[in-house]
Amino acid sequence: MLRDAQARIADALRLGPDALPRSLFSGDEHRVMLAMAAHANTISHGRLVALEDSFPATRRALGDAVFNQLSRAYIDAGMGLDGALNDIGDAFPDWLGAQGQGATLVTIARFDCAFLAAHHTHDADAITLADLPEDADALLALRLMHHPAASAHDATPPLLDAIQQPNCSDSAAILITRPDVAVRLSSLSQPAYDAWCALATPVTFAILCANLGMKHDDHAIIPAIIDLVRAGALQQGE
C-alpha cells in the first residue's frame with residue numbers, strides 16, 4: 003500500500019495535480035495542493051543539490067549562476083527523475099552537449115560522472131605489487147584488466163583547471179581509482195596511459211609488454227605498468 007501511494011504521488015509530481023488520486027488525502031483540495039506544492043519544492047531542491055554535489059568540476063567550469071540555470075532546466079525537462087539521486091546526473095553530460103555547451107564541458111561533466119561512479123562501483127580487489135608473481139613465467143602469464151572503479155581521462159588544460167590539478171600539466175591523463183575506501187586521482191605519463199589503453203580487454207603481462215614495446219623504449223615499459231598497479235587501477239583478469 004505504501005509503495006503504491008508513493009508511486010501515485012511521484013506520478014502527480016511529474017504529471018501534475020490531475021494525476022493525484024484525491025482518496026490519498028483528507029481535507030479540502032486547497033490544503034492538499036498546498037502540501038503537494040511544499041513537497042514538490044522540497045524534492046526539487048533536493049534534486050538541484052544532488053546535481054551540484056555530483057558535478058563540482060562542471061559547476062566550477064561554468065560558474066555557479068550558469069550551472070544553476072542549466073541544472074534547473076535539466077530538472078524541468080524531466081531528466082533524471084526516474085532513478086535514485088545518485089543517478090540523477092547520468093544523462094547530464096549528453097544533455098549539456100545537446101544544449102550547445104561544447105565538447106570541453108561535456109568532457110568535464112563525464113569526468114564528474116566517472117568520479118561519482120567510482121564511489122558507488124562494487125568492491126573489487128585491486129592487484130598490488132605484492133600480488134605480482136616472482137616467477138618470471140608466472141608473471142608473463144598473469145592476465146590483467148581494468149579495475150571496475152578505474153577510468154582514465156585526457157589531461158587537457160580545461161579539465162585540469164576544473165578539477166584543480168594545475169601541477170599535472172605534463173601528464174597524459176588523469177586516472178580515477180578506488181582500490182579500497184577512498185577515490186584517488188593520479189596523473190599518468192604517456193607510457194602509463196598507453197598501458198591503460200592497451201588493457202581495454204584483459205591481456206597477459208607478456209602481451210601488454212609487447213604492445214607497449216611498439217611505442218616505447220624497453221626501460222619505460224615496466225615502470226608504466228607499475229604506476230598503474232600502485233594506483234590501484236588493475237585487477238587480475240579472468
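Per the working numbering, residue 3 is the first one in the sequence shown, and the count goes up by one each step.
Beta carbons: idealized from backbone N, C-alpha and C, even for Gly.
Note that this is a predicted model, so its numbers are computed, not measured.
- The three-state secondary structure of Arg232, taken from DSSP, is helix.
- Pairing Thr109 with Ala152 gives a Cβ-Cβ distance that is not under 8 Å.
- Taken through DSSP and simplified to helix, strand or coil, Val183 comes out as coil.
- For His122, the uninterrupted alpha helix (DSSP H) run begins and ends at 105-122, by DSSP.
- At a Cβ-Cβ threshold of 8 Å, Met147 and Leu236 count as neighbours.
- Nearest to Asp229 by C-alpha distance, out of Gln192, Arg61, Phe94, is Gln192.
- Close CB contacts of Gly239 within its chain, under the 7 Å cut and outside five residues either way in sequence, are with Arg145, Leu146, Met147, Pro204 (chain order).
- Every unbroken stretch of the alpha helix (DSSP H) spanning 4 or more residues and falling wholly within the region 127-188 is given here in chain order: 138-143, 159-164.
- Burial is judged here by how many other beta carbons sit within 10 angstroms of a residue's own beta carbon; His149 has at least 16 and is buried.
- Shown here for Leu50: same chain residues with a beta carbon closer than 8 Å to its own, the five before and five after excluded, namely Asn70, Ser73, Arg74, Ile77 in chain order.
- The beta carbon of Ala120 lies closer than 8 Å to those of Ala151, Ala152, Ser153, Ile178, Thr179, Arg180, Val185 in the same chain, with the five residues before and after it left out.
- Boundaries of the alpha helix (DSSP H) harbouring Pro95: 94-100, taken from the DSSP string.
- In the DSSP assignment, Leu190 forms a beta bridge with Ala175.
- Nearest to Val68 by C-alpha distance, out of Gly82, Asn88, Leu98, is Leu98.
- Taking all protein chains shown into account, Pro95 has 16 or more neighbouring C-beta atoms within 10 Å of its C-beta and is therefore buried.
- Collapsing the DSSP output to three states places Thr60 in a helix.
- For the pair Glu54 and Ala126, the Cα-to-Cα distance works out to about 28 Å.
- Judged by their CB atoms, Pro58 and Asp92 are not nearer to each other than the 8 Å cut-off.
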